[in-house]
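Residue numbers (the working numbering): 81 to 397. The beta-carbon is built from N, C-alpha and C at its ideal position, and this holds for glycine as well.
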Amino acid sequence: MKILIVDDDQAARYLTASIVRSGGHEAVSASDGAEALEVARAQVFDVILSDILMPRMDGYQLARECKADSDLAAIPIVFLTASYTDPADERFALDLGAERFLTKPVEPDVLLDVLAELSEGATASHARGPRIEEQEILREYNERLVNKLERKVLELQEANRMLSAAMDTLSSELEVKSTLISELDGRVRGQVSDIEETMAARAVLEHAVQGASGLVMLVGDRYGRTEWVSKGTCLLTGYAEEELCGVDYFDVLVSEADRDARRTAYEALMTEGGCRTTDSEVLTRRGESVRLAWIDCAWRDDSGDICGVIGVGTPLR
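What follows is the structure, given as structure tokens:
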């Protein structure tokens with residue numbers, strides 16, 4: 081069989097290709113979903129082995145695009161992932177039309193057995209499309225992404241808590257003057273604050289958006305002013321990042337028909353916390369409107385107080 085291997089990690093691509101070739105199969109590699117689509121449309125493949133978390137186009141998006149393309153819909157898709165390991169992640173993958181869902185590291189015999197099963201059972205069943213409707217796909221995709229973001233933020237907060245505790249212990253054991261202790265404590269707290277702001281509010285969001293470059297994502301403060309926007313937001317709206325940061329999100333980007341409802345939902349999140357799903361129109365710089373499916377989640381600071389909202393939107397086709 082001819083296998084297309086999709087993974088942004090070069091070492092992982094090499095390892096998977098080695099296992100595939102050891103079973104007598106031909107292996108072709110791609111570094112992300114966007115490249116994989118180009119390669120799949122230029123060659124004929126029997127199976128696609130794909131990672132999920134990748135830049136430009138992730139594995140979920142790749143599966144969605146393949147199942148929507150009549151020339152690619154019949155190719156069985158097998159996911160290999162070390163990042164999306166929840167039962168809900170697997171369920172969503174199968175709902176998109178994937179044949180198998182395997183977690184890394186995968187044993188060579190297990191992977192080769194799956195390929196053998198797909199080869200022996202190569203029937204029209206592989207041509208089945210997604211098991212759920214398009215709008216439900218968009219909502220579930222956003223929920224998977226937000227879930228991933230929340231887990232990353234919790235991991236960062238726990239790491240910062242442990243770092244802070246370790247620094248506090250070290251300070252208490254050192255017999256130094258009170259002025260030195262105060263200076264050291266201030267520096268440590270400043271470093272922890274920088275880690276939380278930079279890693280949690282920037283690196284996590286930007287890394288996730290790299291895996292779905294077309295995704296619209298905004299971070300707003302407690303008053304509805306935009307603090308950060310994704311590249312996908314700029315691409316969709318036609319605004320530059322510096323034009324959107326610091327402005328009132330509702331006045332600039334939300335259509336007049338949806339403005340009051342969006343403000344009310346935003347204020348409810350600032351009061352009650354949690355997440356809400358909705359859809360509304362976003363205005364582009366050219367005055368055009370695009371309807372998006374939204375998932376909005378309250379954003380809390382280290383003390384647990386709600387300090388803003390993260391909004392994740394996907395255009396409804």
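Check                                                                                                                                                                       : Outcome
Comparing C-alpha positions only, which one of Met137, Gly388, Glu307, Glu106 sits nearest to Gly117?                                                                       : Reading the sequence as shown, one finds Leu at residue 117 and not Gly. Residue Met137 is the option with its Cα nearest to Leu117.
According to DSSP, is Pro167 part of a helix, a strand, or is it coil?                                                                                                      : helix
So Leu295 packs on Thr394, CB below 8 Å; how close in whole Å?                                                                                                              : 6 Å
By the three-class DSSP mapping on this structure, what secondary structure does Gly388 have?                                                                               : strand
DSSP three-state label for Cys325, please.                                                                                                                                  : coil
Near Tyr329, what residues of its chain come up, given a Cβ to Cβ distance below 6 Å and the 5 sequence neighbours on each side ignored?                                    : Gly300, Gly304, Thr306
For Phe181, which beta-bridge partners are listed by DSSP?                                                                                                                  : Phe159
With distances taken between CB atoms, is the gap from Arg144 to Leu176 smaller than 8 Å?                                                                                   : yes
With 16 other CB atoms within 10 Å as the buried threshold, where does Gly312 fall?                                                                                         : buried
Assuming Asp89 is part of the alpha helix (DSSP H), what are its boundary residues?                                                                                         : Here Asp89 belongs to no alpha helix (DSSP H), and DSSP marks it neither H nor E.
Rounded to whole angstroms, what's the CA-CA distance from Ser360 to Pro135? Just pull it up for me.                                                                        : 27 Å
With DSSP as the reference, label Glu118 as helix, strand or coil.                                                                                                          : helix
Using the beta-carbon count (16 or more within 10 Å), is Ser205 buried or exposed?                                                                                          : Bear in mind that a pLDDT of 46 at Ser205, under 50, signals an unreliable position, so the number given afterwards is only what the model happens to contain. Result: exposed.
Could you have a look at Arg366 and say whether DSSP puts it in helix, strand or coil?                                                                                      : coil
Who are the Cβ neighbours of Gln141 in its own chain at under 6 Å, not counting the five residues just before and after it?                                                 : Gly113
How would you label Glu368, buried or exposed, when you count the other beta carbons within 10 angstroms and need 16 or more for buried?                                    : exposed
What are the boundary residues of the beta strand (DSSP E) that Gly300 is part of?                                                                                          : 296 to 301
Could you give the residue range of the beta strand (DSSP E) that holds Ala153?                                                                                             : Where Ala153 is concerned, there is no enclosing beta strand (DSSP E), given that its DSSP letter is neither H nor E.
Less than 7 Å between C-beta atoms, sequence neighbours within five positions excluded: which residues of the same chain meet that for Glu323?                              : none
Whose C-beta lies closer than 7 Å to the C-beta of Leu174 among residues of the same chain, with five residues either side of it excluded?                                  : Phe181
Spatial neighbours of Leu191 within its chain, please: C-beta separation below 6 Å, excluding the five flanking residues on both sides.                                     : Ile99
Mapping DSSP to helix, strand and coil, what is Val124?                                                                                                                     : coil
Under 8 Å by Cβ, that's how I've got Ile128 and His105 pegged, so tell me the actual separation to the nearest angstrom.                                                    : No, Ile128 and His105 are not in contact; Cβ-Cβ is about 13 Å, not under 8 Å.
When DSSP labels each residue in this structure, what does Ser109 get in the three-state scheme?                                                                            : strand
Drop a sphere of 10 angstroms on the beta-carbon of Val309, count the other beta-carbons inside from all chains shown, and report buried for 16 or more, exposed for fewer. : buried
In the DSSP output, what is Arg57 paired with across the bridge?                                                                                                            : Here the chain covers residues 81 to 397 and nothing more, so residue 57 does not appear.
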